[in-house]
Amino acid sequence: MKLHILLTTSLLFCATFLSTAQEETPFKGNTSVTYDEAIAQYQRMAQTHQGTFLMEYGKTDVGRPLHLFVINKGGDQDPNEFDNSKSVLFINNGIHPGEPCGVDASLKLARNLLNGGERYNKLLDSTIVCIVPIYNVGGSLNRGCCVRANQNGPEEYGFRGNARNLDLNRDFIKADSRNAQSFFRMFQDMQPEVFIDTHTSNGADYQYVMTMISTQPDKASEEIGSYIRNEMSPALFATMNERGWGMTPYVFTLNKIPDNGIKDFLETPRFSTGYAALFNTIGFTSETHMLKPFAQRVESTYQFLLASLDYMYAHNTELIQQKERADKAVADQKTFELNWELDTTSFRKIPFNGFAATYEKSKVTSADRLKYDRSQPQTINIKYYDTYQATETAAAPAFYVVPQAWREVVDRLKWNGVELTQLKKDSIAQMRVYYIDDYEAGRVYEGHRYTKATVVREVVEEVQLFKGDYLVEVNQTANRYIVETLEPKGVDSFFSWNFFDSVLQQKEWYSDYVFEDSAAEMLENDPALKKEFEQAKKEDKELADSPRAQLYWLYKKSIFFEGTVNRYPIFKSLN
Ligand SMILES: [Zn+2]
Numbered sequence: 065m066k067l068h069i070l071l072t073t074s075l076l077f078c079a080t081f082l083s084t085a086q087e088e089t090p091f092k093g094n095t096s097v098t099y100d101e102a103i104a105q106y107q108r109m110a111q112t113h114q115g116t117f118l119m120e121y122g123k124t125d126v127g128r129p130l131h132l133f134v135i136n137k138g139g140d141q142d143p144n145e146f147d148n149s150k151s152v153l154f155i156n157n158g159i160h161p162g163e164p165c166g167v168d169a170s171l172k173l174a175r176n177l178l179n180g181g182e183r184y185n186k187l188l189d190s191t192i193v194c195i196v197p198i199y200n201v202g203g204s205l206n207r208g209c210c211v212r213a214n215q216n217g218p219e220e221y222g223f224r225g226n227a228r229n230l231d232l233n234r235d236f237i238k239a240d241s242r243n244a245q246s247f248f249r250m251f252q253d254m255q256p257e258v259f260i261d262t263h264t265s266n267g268a269d270y271q272y273v274m275t276m277i278s279t280q281p282d283k284a285s286e287e288i289g290s291y292i293r294n295e296m297s298p299a300l301f302a303t304m305n306e307r308g309w310g311m312t313p314y315v316f317t318l319n320k321i322p323d324n325g326i327k328d329f330l331e332t333p334r335f336s337t338g339y340a341a342l343f344n345t346i347g348f349t350s351e352t353h354m355l356k357p358f359a360q361r362v363e364s365t366y367q368f369l370l371a372s373l374d375y376m377y378a379h380n381t382e383l384i385q386q387k388e389r390a391d392k393a394v395a396d397q398k399t400f401e402l403n404w405e406l407d408t409t410s411f412r413k414i415p416f417n418g419f420a421a422t423y424e425k426s427k428v429t430s431a432d433r434l435k436y437d438r439s440q441p442q443t444i445n446i447k448y449y450d451t452y453q454a455t456e457t458a459a460a461p462a463f464y465v466v467p468q469a470w471r472e473v474v475d476r477l478k479w480n481g482v483e484l485t486q487l488k489k490d491s492i493a494q495m496r497v498y499y500i501d502d503y504e505a506g507r508v509y510e511g512h513r514y515t516k517a518t519v520v521r522e523v524v525e526e527v528q529l530f531k532g533d534y535l536v537e538v539n540q541t542a543n544r545y546i547v548e549t550l551e552p553k554g555v556d557s558f559f560s561w562n563f564f565d566s567v568l569q570q571k572e573w574y575s576d577y578v579f580e581d582s583a584a585e586m587l588e589n590d591p592a593l594k595k596e597f598e599q600a601k602k603e604d605k606e607l608a609d610s611p612r613a614q615l616y617w618l619y620k621k622s623i624f625f626e627g628t629v630n631r632y633p634i635f636k637s638l639n
């Protein structure tokens, strides 16, 4: 199961030996640990407990390393040596450093697992716990009091943008950050059964401290999706409720206030849990409520992490076998979904502990303003829309060919454990080829212009391949990653993240006065073309009215036209 090789991890050694008592730094109310404090605490734990490791996995954009803290009771730090009968829980913290409850909650979890006695220690018999102390290191070092306008504490926290001002929870496909590039290696090494990303919400006011987004079940592979929807999510809601931390699905409102209904959040592959879902890892995003005191947010996050670990302890074999089955099934899968849309006709009713929403005249603007009246707590049944349907699908080819010129794509495939083979000689091959006949390019977003391929035409044609180009067989456990990133209509494909802008431009043109003579000759020598040209002018008034368009129409029919403009540069096998 753990196939990937740990490349450059290193154990960190602390210069001084510190006692267990010093690990027990109590949680201090309205303050969150700094980056340096968090790393120091994990270093002390790694030094004083066997089977506990603080590893460095490459760098982050700010220059500091990306750390992973691993508790593998009685075991090694090398994932190749992991006991296959243990499942893996992977917790990611501080991707949004302004939402640091998971940073402090994970420290508490680690301390209790190591020092809290049998109730906690037994959980480590069947589960390896991996914790990223702080993922957005640069953002965490950019610490201040105030940028979260709607949030109640802590006194100081980091900034959402990383050292390159990227939102790292949109970066899991384009991977502009070194953080993401380092993360891929640790995720592929650990191959977790369960992944949790810890956050604090924005949005409506309500009674719950904790809300949760799971991997959207309709987007997950079939087996994992129904397991999330019918088994694991309901169990986590029930456990949290029993322990006094009742939670609700993430409050993603359909229309302004939760009373009008909420919908599942569609975490596409750009998001951490959407990325995890590409590899059949069950993902949860914990979202604490921003207006609750920080201490409660930390405690509820801790309780959620513990409830997840308790669940994994009770269902260890089931989780392992299920991921193995899903990994095997995806390697044989023939059709893949590429995008999804909420089914607005399908909902169920769930009880919701909210506050009455009221409106009153604004003291600031000319409009009425929304207020949640905390003196009027209410439990009402609301509509919960949690069904998504695929809007785009693709049949998988036997293989793709990625020309080596597209090295950014090749790098990302490699970082994510995709197996590639290089062609041994130059060749001309019949391949299936896409032309992007129309697309919409958006505004600047996270360092890119999101580009939606709206009209895609598929043809079979001869293409030139070169020695060293990459062949990607679609028979791998990484199949979803391969197809959803390489098919241009994928919602988070490399095309959508505008990796291929340069093919969307014609390189050679002509001078009208020179091409006039060639065009006249073409019409004279080719009566069929002349007929087609006349017909086209009859049917297209714009063409009929524009001498310039008429010349271009003929240019495109001539031997001079380059033909490859808007040709998608990744090719598919015929079968
Ligand atoms: Zn967040």
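Mind the numbering: the sequence shown is residues 65 to 639 in the working numbering, read in order.
Beta carbons: idealized from backbone N, C-alpha and C, even for Gly.
Taking the alpha-carbon positions, what's the ALA102 to PRO197 distance?
7 Å
In the DSSP assignment, what are the bridge partners of GLN528?
ILE492
Does the region 118-131 come within contact of the region 156-172, defined as at least 3 CB pairs closer than 8 Å?
no
Using the Cβ count rule (16 or more neighbours within 10 Å means buried), how would you classify LYS636?
buried
State buried or exposed for THR381, treating a residue as buried only when at least 16 other CB atoms are found within 10 Å of its CB.
exposed
Helix, strand or coil at ASP576 according to DSSP, with G and I counted as helix:
helix
Ligand 1 and ASN233: does the residue's C-beta get closer than 7 Å to at least one heavy atom of that ligand?
yes
Can we count GLU510 as close to ligand 1, meaning its CB is less than 7 Å from some heavy atom?
no
Just to check, is the beta-carbon of GLU163 closer than 7 Å to a non-hydrogen atom of ligand 1?
yes
Cβ of HIS160 within 7 Å of any heavy atom in ligand 1?
yes
With DSSP as the reference, label THR112 as helix, strand or coil.
helix
Whole-number beta carbon distance between GLU220 and ARG212, since they are thought to touch under 8 Å
In fact, because the Cβ distance is near 11 Å, the residues do not count as touching under 8 Å.
Every unbroken alpha helix (DSSP H) within the region 414-494, with a cutoff of 4 residues, ordered by chain
471-479
Exposed or buried, what is GLU626 when buried is set at 16 or more other beta-carbons lying within 10 Å of its beta-carbon?
exposed
Taking 7 Å as the cut-off, does the CB of HIS353 come closer than this to any heavy atom belonging to ligand 1?
no
Can you name the residues that DSSP bridges to GLU537?
PHE463
Could you spell out the range, first to last residue, of the beta strand (DSSP E) harbouring PRO129?
129-135
Name the residue from PRO552, LEU370, VAL152 whose alpha carbon lies nearest to the alpha carbon of TYR503.
PRO552
Beta-carbon proximity list for PHE54, same chain, < 8 Å, skipping 5 on both sides:
Limits of the chain in this structure are 65 at one end and 639 at the other, which puts residue 54 out of reach.
Give the DSSP bridge partners of HIS353, in chain order.
None; HIS353 has no bridge partner.
Does DSSP put PHE234 in a helix, a strand or coil?
Here residue 234 is Arg; the residue named in the question, Phe, does not match the sequence. Three-state result, ARG234: helix.
Best match in GLY202, LEU178, ASN179, ALA169 for proximity to LEU130 [C-alpha to C-alpha]:
GLY202
Segment limits, alpha helix (DSSP H) that includes LEU402
Taken as a continuous stretch (DSSP letters only), LEU402 belongs to no alpha helix (DSSP H), being part of the beta strand (DSSP E) at 399-406.
Along the chain, where does the alpha helix (DSSP H) containing SER336 start, and where does it finish?
336-341
Given a threshold of 16 other Cβ atoms within 10 Å of its Cβ, counted over all protein chains shown, does THR429 qualify as buried or as exposed?
exposed
TRP573: buried (16+ other C-beta within 10 angstroms of its C-beta) or exposed?
exposed
Report the residue from PHE416, PHE559, GLN141 whose alpha carbon sits nearest the alpha carbon of ASN305.
PHE416
Would you list the residues sitting across from MET254 in a DSSP beta bridge?
None; MET254 has no bridge partner.
Decide yes or no for the touch test of the region 384-403 against the region 452-463: beta carbon pairs closer than 8 Å, at least 3 of them.
yes
Reducing DSSP to helix, strand and coil, say where VAL508 ends up.
strand
Which residues bound the alpha helix (DSSP H) around MET304?
297-306
Buried or exposed for CYS194, going by 16 or more other Cβ atoms inside 10 Å?
buried
In angstroms with no decimal places, state the Cα-to-Cα distance between THR451 and ILE237.
24 Å
At the level of alpha carbons, what is the spacing between PRO499 and ALA284?
One point to set straight first is that residue 499 is Tyr, not Pro, in the sequence displayed. Cα to Cα, TYR499 sits roughly 29 Å from ALA284.
Reference LEU300, options VAL527, MET274, GLU286, closest by Cα
MET274
Are the region 345-353 and the region 252-263 touching, with three or more C-beta to C-beta distances below 8 Å?
yes
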